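Heads up: the structure comes next, in structure tokens.
In our numbering, the protein residues as written are 452 to 1117.
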């Protein structure tokens, strides 16, 4: 989104080129929260996928991609006459694999786009597929016979063929993109990113600035400037205005803006009408949740399917949601995301499953489980844990060394306060953040505890800046008297980073816990504990000075040599396994070990899932896609990369056992 030069302080509107450039600077935020403008509509077209389509197994594939159907037909004719596929690929293909004769290597069929999976159905080695329309042109595939067993992360890495390119990102209405763009563009004083209170202040100011700019734009005095906008730009601006209010939690003001965008879509930009129907369906469902207290007192009403008798008392907004969602399905009857939301909306009025139109019904059996893990009841409010916050970190541990677990929380919200819930010993807790000296600590999507200075008391590390601009960490030293002191600067850990992933680990067995930190778009960090309360960054000398979009890190001695190794989960590529060389250096062994991850990595950890004494690796994938969630429940083929479980074979290598243990889910 950009400020058009001739509009002064007018609101930002979407522009393809500038938006793409800005998003890269925003650490791939759009991959998570979906683009906020209607130019991304073509990405949401539905591709039919037969429910019984075979999606398992592997094949060695080659591909040729050309820009026109005529050229593809000519090439296919030559190939059918016996021309060498690899030679033709080198001469004609516009894909990045051309230099390698179109080789995609050994590919999991399930990792391919749906239209390619369909084209390959029934093909034997040596056979050639029909022409397939691809995102960048027209493709021809060949099932080759060359062996290639190299493990790969999340398919081939080519958007033209990988199923990840067909993942339908959820159409969110949280305003996060608008808020992040505003934060990025807002003028910030030097050092703002090293003070939690200043970070909060800048966040509030930047969001207020975005709201004020749009309010000025829609003021009566600016009617002539609005008339200079074309219909799509004006639609986007109304939608963006709604997102600002949504990010502030004000759906009462957000919905009228979405409705104005919908009116433009229904009269002038008809290609966007279905998207605007869904947007209003989601907006009214959010409003209904708010008015019925779901976010602050959910009880069982956030469990699917909702039990009989759990329907909302105020049903009007849910009924409006149903109306718009059904209109969206009239245009896209196979949209799984909207189907799912429609079923949820009917649950909120007590109309599931009886009132759901048969063609859109998600059957009750989809929610059934063959396992019975018992019944848990939420007792947080009566236990004194009735807090309300965004996603964040949580620690349950004995910070006071009295044999009882306290609870500490942080929040993704830059202005969200840290909470310290003291365990009263009677099943209740008392909030004592101020008493513990933690009132100045705000924000933090993740945090973790450790005794970094070996004084017998657990300290806390808060990680900030994930999905956002770099911000400082906070190392909070436990004073062993129920209070904490911020020692971030004194310890040498105050360099701003964008992170939510770290692990405390003694890399050299000297009895001091070192710190390994993953960063987003910045080099990963390894801090050596010097034993005097300070840390030394040895990332470069240790061979770990790698830049990735890190979302998870883990430490474990996978080869049982007595020294912990490090595993890094990468959101924008393959994961990385570093072997400990016993001398404060590491060597990457990812491919040799066979643990490339899903290619869209998130949280990860070592654990011995089969109790054979060898630490295995669990690597999660991250996709904000309700469509993929529905596919899991409905037993449909996935387009997104699934979770990965790697079994340690005890010889320095691992085997992917994801499918056989039933974790091939998104």
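All C-beta atoms, glycine included, are put in the ideal place defined by N, C-alpha and C. Bear in mind the structure is a predicted one, so any value in this text is a computation, not a measurement.
Quick check: the Cα distance between residue i and residue j, rounded to an integer number of angstroms?
{"i": "residue 1086", "j": "residue 644", "result": "45 Å"}
{"i": "residue 547", "j": "residue 911", "result": "46 Å"}
{"i": "residue 993", "j": "residue 1057", "result": "21 Å"}
{"i": "residue 657", "j": "residue 651", "result": "10 Å"}
{"i": "residue 408", "j": "residue 845", "result": "With the chain running from 452 to 1117 in the structure shown, residue 408 is simply not present."}
{"i": "residue 582", "j": "residue 524", "result": "8 Å"}
{"i": "residue 618", "j": "residue 1036", "result": "39 Å"}
{"i": "residue 575", "j": "residue 516", "result": "21 Å"}
{"i": "residue 857", "j": "residue 933", "result": "11 Å"}
{"i": "residue 1059", "j": "residue 901", "result": "22 Å"}
{"i": "residue 589", "j": "residue 550", "result": "18 Å"}
{"i": "residue 553", "j": "residue 586", "result": "17 Å"}
{"i": "residue 1076", "j": "residue 620", "result": "5 Å"}
{"i": "residue 879", "j": "residue 886", "result": "17 Å"}
{"i": "residue 625", "j": "residue 862", "result": "16 Å"}
{"i": "residue 1003", "j": "residue 1054", "result": "4 Å"}
{"i": "residue 669", "j": "residue 692", "result": "10 Å"}
{"i": "residue 964", "j": "residue 903", "result": "6 Å"}
{"i": "residue 773", "j": "residue 627", "result": "25 Å"}
{"i": "residue 711", "j": "residue 636", "result": "26 Å"}
{"i": "residue 756", "j": "residue 798", "result": "7 Å"}
{"i": "residue 802", "j": "residue 739", "result": "15 Å"}
{"i": "residue 1107", "j": "residue 810", "result": "38 Å"}
{"i": "residue 854", "j": "residue 793", "result": "48 Å"}
{"i": "residue 753", "j": "residue 733", "result": "16 Å"}
{"i": "residue 1061", "j": "residue 1072", "result": "22 Å"}
{"i": "residue 1041", "j": "residue 522", "result": "40 Å"}
{"i": "residue 1098", "j": "residue 908", "result": "35 Å"}
Identify whether residue i lies in helix, strand or coil by the three-state DSSP scheme.
{"i": "residue 868", "result": "strand"}
{"i": "residue 476", "result": "At residue 476 the pLDDT is 38, less than 50, meaning the model places this residue with poor confidence; the figure from the coordinates comes in the next sentence. Residue 476: helix per DSSP, three-state reduction."}
{"i": "residue 498", "result": "Its pLDDT being 32, under 50, residue 498 is placed unreliably by the model, and the measurement read from it follows with that caveat. Coil at residue 498, not helix or strand."}
{"i": "residue 1056", "result": "strand"}
{"i": "residue 1089", "result": "coil"}
{"i": "residue 1012", "result": "coil"}
{"i": "residue 898", "result": "strand"}
{"i": "residue 481", "result": "Here residue 481 scores only 40 on pLDDT, less than 50, and its place in the model should not be relied on; the value that follows carries that caveat. Helix."}
{"i": "residue 1023", "result": "coil"}
{"i": "residue 910", "result": "strand"}
{"i": "residue 1112", "result": "coil"}
{"i": "residue 633", "result": "helix"}
{"i": "residue 492", "result": "Reliability fails at residue 492, whose pLDDT of 30 lies under 50, so the model's placement of it is uncertain and the value that follows must be treated cautiously. DSSP places residue 492 in helix when its eight states are reduced to three."}
{"i": "residue 1106", "result": "strand"}
{"i": "residue 822", "result": "coil"}
{"i": "residue 917", "result": "coil"}
{"i": "residue 851", "result": "coil"}
Going by C-alpha distance, which of the options is nearest residue i?
{"i": "residue 401", "options": "686, 649, 694", "result": "Here the chain covers residues 452 to 1117 and nothing more, so residue 401 does not appear."}
{"i": "residue 928", "options": "638, 1042, 850, 649", "result": "850"}
{"i": "residue 614", "options": "1094, 1090, 1109, 1101", "result": "1090"}
{"i": "residue 759", "options": "804, 1108, 886, 719", "result": "804"}
{"i": "residue 686", "options": "716, 962, 1046", "result": "716"}
{"i": "residue 699", "options": "942, 1067, 741", "result": "741"}
{"i": "residue 837", "options": "595, 586, 1066, 747", "result": "747"}
{"i": "residue 985", "options": "939, 1023, 1020", "result": "939"}
{"i": "residue 513", "options": "567, 979, 522", "result": "567"}
{"i": "residue 1064", "options": "1053, 864, 1009", "result": "1009"}
{"i": "residue 719", "options": "708, 732, 683", "result": "683"}
{"i": "residue 560", "options": "1070, 511, 970, 919", "result": "511"}
{"i": "residue 841", "options": "865, 825, 855, 540", "result": "865"}
{"i": "residue 1116", "options": "1106, 1099, 1105, 1080", "result": "1080"}
{"i": "residue 1092", "options": "527, 558, 538, 544", "result": "558"}
{"i": "residue 897", "options": "873, 883, 869", "result": "869"}
{"i": "residue 922", "options": "564, 639, 1045, 825", "result": "639"}
Could you please give me the residues that DSSP links to residue i through a beta bridge?
{"i": "residue 980", "result": "986"}
{"i": "residue 922", "result": "948"}
{"i": "residue 559", "result": "509"}
{"i": "residue 831", "result": "Per DSSP, none; premise fails for residue 831."}
{"i": "residue 968", "result": "953, 976"}
{"i": "residue 529", "result": "Paired residue(s): none; residue 529 is not in a bridge."}
{"i": "residue 519", "result": "Residue 519 pairs with nothing; no bridge assigned."}
{"i": "residue 775", "result": "Answer is none; residue 775 lacks a bridge partner."}
{"i": "residue 613", "result": "563"}
{"i": "residue 893", "result": "868"}
{"i": "residue 585", "result": "588"}
{"i": "residue 1031", "result": "1037"}
Can you check the stretch 653–682 for any alpha helix (DSSP H) of at least 4 residues that lies completely inside it and give the ranges in chain order?
You should have 674–678.
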